[in-house]
Amino acid sequence: MFFQGFSYLSCFSRLYFIFPQSIPSDGIEIALFYTVMTTVREAEEVRNRTRDQRGLTVIDAVITVCLIGLLFGIVVPKYRRVAHEAQEAALQSELANIRASIKLFKMLIGRNPGSLREMVEKEILLPARTGSDDFSRSVFAKKYLMPHAVDDEGNILDAFGNPFQYDLPRGVVRATTGGYESW
Numbered sequence: 056m057f058f059q060g061f062s063y064l065s066c067f068s069r070l071y072f073i074f075p076q077s078i079p080s081d082g083i084e085i086a087l088f089y090t091v092m093t094t095v096r097e098a099e100e101v102r103n104r105t106r107d108q109r110g111l112t113v114i115d116a117v118i119t120v121c122l123i124g125l126l127f128g129i130v131v132p133k134y135r136r137v138a139h140e141a142q143e144a145a146l147q148s149e150l151a152n153i154r155a156s157i158k159l160f161k162m163l164i165g166r167n168p169g170s171l172r173e174m175v176e177k178e179i180l181l182p183a184r185t186g187s188d189d190f191s192r193s194v195f196a197k198k199y200l201m202p203h204a205v206d207d208e209g210n211i212l213d214a215f216g217n218p219f220q221y222d223l224p225r226g227v228v229r230a231t232t233g234g235y236e237s238w
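Note that my numbering numbers the sequence shown so that position 4 is 59, with each residue one more than the last.
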């Protein structure tokens, strides 16, 4: 019905241009005529719009989605690789810190720590110098080990979230994360 009406209105406006004597004189006819002419002009403007003014076509949308997918396909694996390399670097650093703390503990106490938890709980007491005073007047107190992450049982966790393995008789600490046991 709408298309028939539009077609009729379109024909009516064309007749006006062909036969100018058919200009409406009544108020209702003028309003109807103005509506018809406005509708015809709007339809012609839509038809005459350039491609940029019309908006996205389906092909444009598909190309955009493909480009976004390609971007994610490149960026996400690279991000995962960089995050994994950061975890490896953190694991190496943590192992070096724990091993240095074990050596310091053994040097000061004369034995290997009973567990890594003992190194977290026990403090180092060393003479410290403050200003012009000599070493004997003040004491430096700090924990042997400050862990970044600890589980519910008190085990120190590595960068991958796995507890470290501590060999008491040898005083050796190792990672339990798969692929890093030999570090």
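For glycine and all other residues, C-beta sits at the position ideal for the given N, C-alpha and C.
Can you name the start and end residues of the alpha helix (DSSP H) that residue i belongs to?
i, result
"D115", "V113 to I164"
Which value, in whole angstroms, describes the spacing of the CA atoms of residue i and residue j?
i, j, result
"R102", "T94", "12 Å"
"E149", "N217", "12 Å"
"Q142", "I114", "42 Å"
"T90", "E100", "15 Å"
"H203", "A145", "10 Å"
"G124", "V130", "10 Å"
"L126", "T112", "21 Å"
"C121", "R136", "23 Å"
"E208", "V117", "53 Å"
"L223", "G128", "46 Å"
"M179", "K161", "Reading off the sequence, residue 179 comes out as Ile, not Met. Cα-Cα distance, rounded: 11 Å."
I need the DSSP call for residue i, collapsed to helix, strand or coil.
i, result
"R102", "helix"
"L223", "coil"
"E178", "strand"
"L200", "coil"
Taking residue i as the reference, which of the options has the closest Cα?
i, options, result
"H139", "D213, R225 and V227", "D213"
"A155", "G233, G226, S237 and G234", "G226"
"V175", "N210, S237 and V113", "N210"
"Q220", "K158, M162, K198 and R172", "R172"
"K177", "W238, V131 and K198", "K198"
"N152", "M201, Y235 and E97", "M201"
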